[in-house]
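Input: a single structure, listed below in structure tokens.
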Amino acid sequence: MSRYLSKHPLLPQQPIEWLLALLFLISPFYLASSLGGTGFDLPFNITVWAAATLVIAYSVWYFCGQDKLILPMNYKGLLALPVGILLAAALAGVQDPITWMFRIVYVMAGVLFLFGLFQFRLKNTDRILLLITIATLLHSVVGIIQLFELPVLSSWITRTDKAIATGVFQQVNVMASFLTTGILVSVYLCLRPIAHNRFYLKVFLLITISVATYVMVATGSRIGLLSGILGLLMLLIAYRTQVSKNWKTIFSALLLIVFASVLAKEGLHKTVDKSYQMVEAQYADQRLSIYRISLDAFYEAPIKGHGIGSFLEKFGLASSAFYQQHPTAEMPTYIAHPHNELLQWAIEGGLLALMGILIAMFSVLWFAVKYKQQRLFAYLALLLPITFHTQVEHPFYISSFHWFIWLTLLYVLLNHYVAIRQNPISLMAKKSLRGFVIILLTVTLFFLWQTSQAQQQLYQFINQSQRTPQLDSALSNLYYKTYAEQIVMRSHLHDAITKNDAQKLVQIINWFESELNRTPELKLFEDVINGYIALEMPKQRCETISNSLLYYPANKVLQSIQNDCLVMN
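Residue 653 in the working numbering sits at position 564 of the sequence shown, and the numbers go up by one each step.
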């Protein structure tokens, strides 16, 4: 096997590389039916986490067999991120235990994933980047099938009525930021020794650049186009020495990028139209309102934040105060994220979390500046599209694939200069840790399998108009339990309204009101209002409407039915 691999140096050479191939090339393509959303609502995230768990488990197992601990040179700065978030999470308290736990696991798993990769001391990270390029071409092909509505894999690849390339991610900008990352990686590899004297590899990279550019531009994504232009300029300037040596290849790549962009001119028109809308007063004012309200919520608890999972409540209350001062301001009717990752953590984690993130970020920039190598700045260009995306939307909530791609690119940047320490763990502790890893891996994979069952059960229940009452998997699943309970109670609510069962209605309304005390979801307010309408209790209905407007002051429907209350009184 080793002799075969040595003859094919582009293939993964170590088990960790094969596991990364599983993560990047196979795991995102689990495309079961779903209603869309974030997290595990999108089935591909389940298999992505399964593959990432294997990578993390193998990294810890491998570390236990080594006498050295390998760390990035800026490891202290990087560790400021999880430390800041954990401190804020502990001090601010736990408002929603499930959300709190999964967010902490998300961050800590990322830390283990990143630091775990360093233990293998991979000398040729270009092979890992090649995996990302292959993944880019695969996702681009999915985009082509969606754009041209080709009768291929129709039962597997999701389609939309407007023939938009959303890929497996089911969101245009998430698709675009990944493709842009893949384009930049492909251009970078054209300049690397891995492509020298390998004509077939250069052809593959140029094909990937062409197809990915066409699909990315066709999406009409401003995020993809802007980060692509900036990233390409950064890459060419940072790696200018190699660009001059490989000018024919780079000229061909740039020519193909321009040609593919012209072919996808309808996407360029959409980008221009969106850019025009962005500077219009209504759109600009709405975005400005979101940022100002987010800052107001942050100022209320600037040190430790309001707690993980508190954004909906705190943003809602802050928006109510803002709306009273600015009743003509343009505001969204519903928002679950400020469309800026730094603002999100500022509200929920305060300065503790925010400073941890900023220290980690500046430690990476310090690393690139300190060692002054052209390729380190080139790697920063590869990180740009997804990093930029996090400041205008929330890609990591929609796609865990982006999270692990971003961490891998960060590893590639930091891998060239490391600190080597003696492994401080005793032999007995290593054996115990390996046993714990096996147990945790088994439990995690079982949980992910059960989550997949729960997700499909919920999809069938909702999609089939509740003709499938079986929700046992969802109700017993830690991730979906709360949502499944709400769906079951909502079903009972509609049944009680149909049967005019006043006693049952009172019990159900009390349950929904207790849920509102935990999280002020708009849908829960709607359930309580419908219940009071059925009970013919106008006073309680109007009180609930008034309470809902404390969190959703710009909601036109709530404003309309409140006017009915005012007329009635």
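Even for Gly, the Cβ is constructed at its ideal location relative to N, Cα and C.
Since we're looking at a predicted model, the values are computed, not measured.
Which whole-angstrom value is the C-beta distance of residue i and residue j, which I expect to be below 8 Å?
{"i": "W138", "j": "L537", "result": "6 Å"}
{"i": "N512", "j": "D185", "result": "With a Cβ gap of about 38 Å, N512 and D185 do not count as contacting."}
{"i": "I253", "j": "Q235", "result": "7 Å"}
{"i": "G445", "j": "A169", "result": "5 Å"}
{"i": "V144", "j": "F209", "result": "Not really, about 11 Å apart at Cβ, beyond 8 Å."}
{"i": "E437", "j": "S399", "result": "6 Å"}
{"i": "E625", "j": "L613", "result": "That belief does not hold up - the Cβ atoms of E625 and L613 are roughly 21 Å apart, past 8 Å."}
Let me make sure I understand the geometry here. Which of the options has the alpha-carbon closest to that of residue i?
{"i": "K291", "options": "L345, Q413, Q260", "result": "L345"}
{"i": "W495", "options": "G166, S316, F267, V144", "result": "F267"}
{"i": "P484", "options": "M197, V261, S123, G205", "result": "V261"}
{"i": "T188", "options": "Y568, I339, Y380", "result": "Y568"}
{"i": "S565", "options": "L547, R579, Q413", "result": "L547"}
{"i": "E610", "options": "F451, Q575, L124", "result": "Q575"}
{"i": "T225", "options": "L294, F614, R287", "result": "L294"}
{"i": "S515", "options": "E602, F152, D584, I397", "result": "F152"}
{"i": "L111", "options": "I326, A121, K165, F133", "result": "F133"}
{"i": "S409", "options": "P391, H426, K393, S378", "result": "S378"}
{"i": "L99", "options": "P117, H285, L273, S521", "result": "H285"}
{"i": "I296", "options": "V276, P282, L315, G309", "result": "V276"}
{"i": "Q463", "options": "I424, Y328, V453, M450", "result": "Y328"}
{"i": "Y119", "options": "D561, Q544, S580", "result": "Q544"}
{"i": "F466", "options": "T330, R607, P282", "result": "T330"}
Ignore the nearest five residues each way along the sequence and tell me which others in residue i's own chain have a CB closer than 7 Å to its CB.
{"i": "L534", "result": "A139, T142"}
{"i": "Q371", "result": "With a pLDDT of 48 at Q371, under the threshold of 50, the modelled position of that residue is not reliable, and no figure is offered here."}
{"i": "Q375", "result": "E419, M420, P421"}
{"i": "S364", "result": "Since pLDDT at S364 reaches only 49, below the 50 mark, its modelled position is unreliable, and the value read off the structure follows with that caveat. Counting only Cβ-Cβ distances below 7 Å, and skipping sequence neighbours, we find R311."}
{"i": "P161", "result": "L167, F207, L503, V507"}
{"i": "L279", "result": "Reading off the sequence, residue 279 comes out as Cys, not Leu. The answer, listed in chain order, is K291, L294, N335, T338, I339, A342."}
{"i": "F477", "result": "I312, S316"}
{"i": "G232", "result": "A254, G256, M264, V304"}
Helix, strand or coil: how does DSSP classify residue i here?
{"i": "V501", "result": "helix"}
{"i": "V659", "result": "Outside the shown range of the chain, which is 90 to 658, sits residue 659, and nothing can be said about it."}
{"i": "V368", "result": "Interpretation of V368 is limited by its pLDDT of 49, a score under 50 that renders its predicted location unreliable; no figure is taken from the coordinates."}
{"i": "V507", "result": "strand"}
{"i": "M90", "result": "For M90, the predicted structure reports a pLDDT of 46, less than 50, and the residue's modelled location is therefore unreliable. A value from the coordinates is still provided. If DSSP states are grouped into helix, strand and coil, M90 belongs with coil."}
{"i": "P161", "result": "strand"}
{"i": "F237", "result": "coil"}
{"i": "G256", "result": "helix"}
{"i": "N589", "result": "coil"}
{"i": "N644", "result": "coil"}
{"i": "D156", "result": "coil"}
{"i": "N335", "result": "coil"}
{"i": "Y277", "result": "helix"}
{"i": "F209", "result": "coil"}
{"i": "G173", "result": "helix"}
{"i": "T557", "result": "Only weak support exists for where T557 lies, its pLDDT of 48 falling under 50; the value from the coordinates is given anyway. It is coil, neither helix nor strand."}
{"i": "F477", "result": "helix"}
{"i": "G398", "result": "coil"}
{"i": "R287", "result": "coil"}
{"i": "S489", "result": "helix"}
{"i": "T571", "result": "helix"}
{"i": "G199", "result": "helix"}
Leaving out five residues on either side along the sequence, give the residues of the same chain with a beta carbon under 8 Å from the beta carbon of residue i.
{"i": "Y289", "result": "none"}
{"i": "K570", "result": "I187, A563, L564"}
{"i": "I650", "result": "I618, I634"}
Skipping 5 residues on each side, what residues in its chain have a beta carbon closer than 6 Å to that of residue i?
{"i": "G125", "result": "Q259"}
{"i": "D653", "result": "none"}
Does any CB atom of chain D fall closer than 7 Å to the CB of residue i?
{"i": "W107", "result": "Although the question refers to chain D, the structure presented lacks it and comprises just one protein chain."}
On the three-pair Cβ rule with 8 Å, is the stretch 386 to 396 touching the stretch 432 to 442? yes
Count Cβ pairs between the stretch 213 to 233 and the stretch 98 to 112 that sit closer than 8 Å; are there 3 or more? yes
Do the stretch 611 to 623 and the stretch 633 to 649 make contact, defined as three or more Cβ pairs closer than 8 Å? yes
Indicate whether the contact test is met: 3 or more Cβ pairs, each with one atom in the stretch 299 to 314 and one in the stretch 515 to 533, closer than 8 Å. no
Is the stretch 313 to 332 in contact with the stretch 267 to 282, if contact means three or more CB pairs nearer than 8 Å? yes
Quick one: any contact between the stretch 173 to 181 and the stretch 436 to 445, if contact means 3 or more CB pairs under 8 Å? yes
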